[in-house]
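Visitor: Supplied in structure tokens, the structure appears directly below.
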Amino acid sequence: MSLIGLGTVVGLGYGIVELGWLQGEETAEIEGAQVRSGALRISETVRANLEASNAAVLRCEIERGGTILFLEEEGKMVKVGDLVCELDVSELVDRGVEQEITVNRARAGLTKAEEQFAIQEIQNLTDMAEAQLQLRFAEMDLEKYVGRDQSGADDAPGSAVSEWQHKIQGLDEDILLREQELAQAKKELEFTRELVDNDFAAQNDLEQDELAYERARIAKGQADREKSLTLQYDHERRLEELRQAIETRKRDLQKTERQARARLADFQADMDSARFTLAREQDKLIKIGEQVGKAKLYSPVNGILVYARERSRWGSGDPIDEGTQVRERQDIISIPQAGGMIAEAKLHETSLKKVQVGQKCLIRVDALPGQMFEGRVDFVAQLPDSGSYWSNPNQRVYRSLIAIDGGNAEMRPGMSCNVEILVEDLEDVLFVPRQCVFFDGRETVVFQSQAGEITRRVVEVGPDNAQFVTLVAGLSQGDVVLLAPPPDFKPEGASPGAPEDGPRAERVAPDALGGAPNARGSSRDGYPGAGASNSGTTPAAGAAWGSGGTSSGGAESGSSGHGRPGAGRSREGGAGSARGQRPGGGRSDGGRSGRSQAGGGAQGGSSGHSSSSGRPSSGGRSGATPGKGGE
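Its first residue numbered 5, the sequence shown is counted upward by one per residue in the working numbering.
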């Protein structure tokens, strides 16, 4: 071990202690650590919870979730078919009644649509028959006018006389009568003239016969013109009218057919829609019935009933109990089966490159002290756990599963345990405690005390575990390095609380060589160190491996492995040093500090802390003397 001077002033704060480094009258022992050679196991230790590797899980399958009305007691042995949970489905029951009414309405709508479809079919037949009849009448009118031979019809006797022929014959007969009447009038006129010439008749009789003759002649001319006009104009007009009437009736028939199909398609669509609506509403009713049936959860297997633990965004889940609101697909109950246990852990992102699937593990269950179980890494997630973003935005952890070989009948799901993942076993390597190694810019350095002077030395490091760091170059076996940097050490290019890079410890570390008893390992999010808890914050840049971290309660945080001031912070404003250690550098977020920057101790803090041997260094009681100067 090397001894260097440490000036102190009894009763003053740590700031003065630091100013008096190597300048005061009194001295204190500052321990160092030797570079050792030998075998070293590289491992990663994480906290985990036990889970059943094979379990029957009962979950809420009700849409929109529900409220637990009944929940069987946790830890009870249940059998197949036992009722273990019942959810409130009163709202679903009311919805089921309303749905039955909706189904009845849909069924009535389908019946109405079917009847309307049948009525439309009959109406279509009637309309089609009427249109076909009108077409037939038009064709018959043409046949009547021109005759069957002229019209092309072949379903009537060919000897039938057409209307046109009948009309022409009538005109001819009328002309013949007019000719006969004209000839008769002419004879009577000639006879009357002879009588008048012989004075057998009066002149008046002659005039009457002349008038009768003229009338007969005019009638004969009118009959001739009537026939001529009929032959020249009326026949063609009437023939065209009858032919167009047939075409019109044909188009009417086509229109009626299309209208019939369109109306029938409308009613068919209404009927199909009503049928689909009924089927959909019936499915809803069936689904509601199934949902009501899923309100009661029965045990599918024999086993011990365990409540499911639902993790929230803040990392802890709400307990399952009667009256708890559960969402759809949320696990409620787990019934472990035979087949072993697994440990579920969260790996920090800095450990990913070390941990591989298949690596052996050692598991120590808190509830089973003195027993150790073997296992292997079975799964490592490819993406970080989404819940870690909420609990700590700067922390990235990855879900991993460790399969436990054998196991123990006393293991229960939810038990906490420590898992040591065996990365590799190194043979014949140099190593030093983590607290001895520091970062200065891009260099890794250690400090040595030679002839009372502290020297800085650059080293190259290799793999590390929670206690030691292997050395590749820069030191030899037996060299002694300090467990803390000098107070004037200022890392190049670093800002407080922001180390550039470096390995992080993931578990509580036992006492390192020359380190403080009961000192804790690094925080998951902070820089690794033996003086920090798992909920720590990143310590100042340049801090030693093993000197930084945070304690959520502030009771034993912030001291280095050896006792030199570390960078740990206490959320509650504690003194920041571990009991039985040398002064810690604990600082509360509220500004209370074991080393008041104003020169006095924090109110409620401790300026007097015992050395590693338990002897008070600057106060009456170990870690109990109030600091001077208040807050």
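We put the CB at the ideal spot given by N, CA and C, even for glycine. Predicted, not measured: the structure shown is a model, and the values here were computed from it.
1) Excluding the 5 residues preceding and the 5 following Gln120 in the sequence, name in chain order all residues of the same chain whose CB lies nearer than 6 Å to its CB.
2) Quick check: Gln341 and Val305, are their CB atoms within less than 9 Å of each other?
3) How is the alpha helix (DSSP H) around Phe493 delimited, first residue to last?
4) Take the Cβ of Ile72 as the centre, count every other Cβ of all protein chains shown within 10 Å, and call the residue buried at 16 or more, exposed below.
5) Return the first residue and the last residue of the beta strand (DSSP E) that Lys300 is part of.
6) Note down, in chain order, each residue of its chain lying with its Cβ closer than 6 Å to the Cβ of Glu118, except the 5 sequence neighbours on either side.
7) Would you check if the distance between the CB atom of Leu289 and the CB atom of Thr130 is smaller than 9 Å?
8) Under three-state DSSP, which class holds Asp92?
9) If you count every other CB in all the chains shown that lies within 10 Å of the CB of Gly553, and 16 or more means buried, which is it?
10) Give me the DSSP bridge partner(s) of Ser420.
11) Where Gln263 and Ala269 are concerned, what is the direct C-alpha to C-alpha distance, given to the nearest angstrom?
12) Assuming Glu464 and Gly478 are in contact, meaning their beta carbons sit under 8 Å apart, how far apart are those beta carbons, in whole angstroms?
13) For Glu424, which of Lys350, Val476, Arg416 has the nearest alpha-carbon?
14) When DSSP labels each residue in this structure, what does Thr459 get in the three-state scheme?
15) Taking C-alpha atoms, which residue in Gly225, Asp203, Glu214, Lys259 lies nearest to Leu181?
16) Report buried or exposed for Val88, applying the criterion of at least 16 other Cβ atoms within 10 angstroms of its Cβ.
17) Beta strand (DSSP E) containing Thr448: first to last residue?
18) On a Cα-Cα basis, can you pick out the residue from Ile336, Ile408, Gln136 that is closest to Glu261?
19) How big is the Cα-Cα spacing for Glu218 and Lys231?
20) Just curious, the alpha helix (DSSP H) that Arg241 is in, first and last residue?
21) Just reading off the beta strand (DSSP E) that Ser338 is part of, what are its end residues?
22) How many angstroms separate the CA atom of Arg253 from the CA atom of Arg221?
23) Under a three-way DSSP split, which group does Gly550 fall into?
24) Restricting to Cα atoms, I'd like to know which of Leu475, Phe443, Asp468 is closest to Arg460.
25) Taking DSSP as the reference, what is the three-state secondary structure of Glu183?
26) Could you please give me the residues that DSSP links to Thr106 through a beta bridge?
27) Are the Cβ atoms of Leu366 and Phe377 separated by less than 9 Å?
28) Can you give me the Cβ contacts of Val60 inside the same chain, cut-off strictly under 6 Å, excluding the 5 residues immediately before and after it?
29) Just how far apart, CA to CA, sit Val381 and Gly79?
30) Would you identify the three-state DSSP class for Leu235, choosing helix, strand or coil?
31) Spatial neighbours of Ser345 within its chain, please: C-beta separation below 8 Å, excluding the five flanking residues on both sides.
32) Comparing alpha-carbon positions, which option in Ser41, Leu91, Lys83, Lys148 lies nearest Ile324?
33) Got a sec? Which residues, its chain only, sit under 8 Å from Asp370 by beta carbon, not counting five neighbours each side?
34) Which of the three DSSP states is assigned to Val305 in this structure?
35) For Met721, which three-state DSSP category applies?
36) Looking only at C-alpha atoms, which of Val449, Glu496, Ala206, Pro437 sits nearest to Ile472?
Guide: So, from the data block:
1) Excluding sequence neighbours, Gln120 sits near Phe271.
2) Cβ distance < 9 Å, so Gln341 and Val305 count as in contact.
3) Neither: Phe493 is in no alpha helix (DSSP H) and is coded neither H nor E.
4) When all chains shown are included, Ile72 counts as buried.
5) 300 to 302 is the span of the beta strand (DSSP E), which, as asked, contains Lys300.
6) Same-chain partners within the cutoff: Met275.
7) Cβ distance not < 9 Å, so Leu289 and Thr130 don't count as in contact.
8) Three-state DSSP puts Asp92 in coil, outside helix and strand.
9) Residue placement at Gly553 is flagged as unreliable, the pLDDT there being 37, under the threshold of 50; a coordinate-derived value is accordingly withheld.
10) Among the bridge pairs identified by DSSP, Ser420 is matched with Asn53.
11) Answer to the nearest angstrom: the Cα atoms are 10 Å apart.
12) Contact flag correct, Cβ pair sits at about 6 Å.
13) Cα-wise, what sits closest to Glu424 is Lys350.
14) Here Thr459 sits in strand by DSSP.
15) Its Cα nearest to that of Leu181, the residue Gly225 stands out among Gly225, Asp203, Glu214, Lys259.
16) Buried, because 16 or more other Cβ atoms sit within 10 Å of the Cβ of Val88.
17) Counting along the chain, the beta strand (DSSP E) containing Thr448 begins and ends at 447 to 454.
18) In this structure, Gln136 is the residue among Ile336, Ile408, Gln136 with its C-alpha nearest to the C-alpha of Glu261.
19) Rounded to the nearest whole angstrom, the C-alpha separation of Glu218 and Lys231 is 20 Å.
20) For Arg241, the enclosing alpha helix (DSSP H) covers residues 239 to 297.
21) 335 to 340 is the span of the beta strand (DSSP E), which, as asked, contains Ser338.
22) Straight across, the Cα-Cα distance linking Arg253 with Arg221 is about 46 Å.
23) Residue placement at Gly550 is poorly supported in this model, since its pLDDT is 43, which falls under 50; the coordinates are not used for a value here.
24) Of Leu475, Phe443, Asp468, the smallest CA-CA separation from Arg460 is found for Phe443.
25) The answer is helix: DSSP assigns Glu183 an H, G or I state.
26) Bridge partners of Thr106: none, in fact.
27) The answer is yes: Cβ separation under 9 Å.
28) Strictly speaking, residue 60 in this sequence is Ala, with Val absent from that position. Same-chain partners within the cutoff: Pro304, Val305, Ile339.
29) It is roughly 28 Å from the alpha-carbon of Val381 to the alpha-carbon of Gly79.
30) In the structure shown, Leu235 sits in a helix (DSSP, three-state: H, G or I).
31) Per the sequence shown, the amino acid found at residue 345 is Met instead of Ser. The answer, listed in chain order, is Leu54, Glu55, Ala56, Ser57, Ile408, Gly411, Met415, Pro417.
32) Considering only Ser41, Leu91, Lys83, Lys148, the residue with the shortest C-alpha distance to Ile324 is Leu91.
33) Closer than 8 Å at the Cβ level, and outside the excluded window around Asp370, lie Met419, Ser420, Cys421, Asn422.
34) In the structure shown, Val305 sits in coil (DSSP, three-state: anything other than H, G, I, E or B).
35) Here the chain has residues from 5 to 635 only, and residue 721 is not among them.
36) In the sequence under discussion, the amino acid at residue 472 is Phe, which differs from the Ile named in the question. Of the candidates Val449, Glu496, Ala206, Pro437, the residue whose Cα lies closest to the Cα of Phe472 is Pro437.
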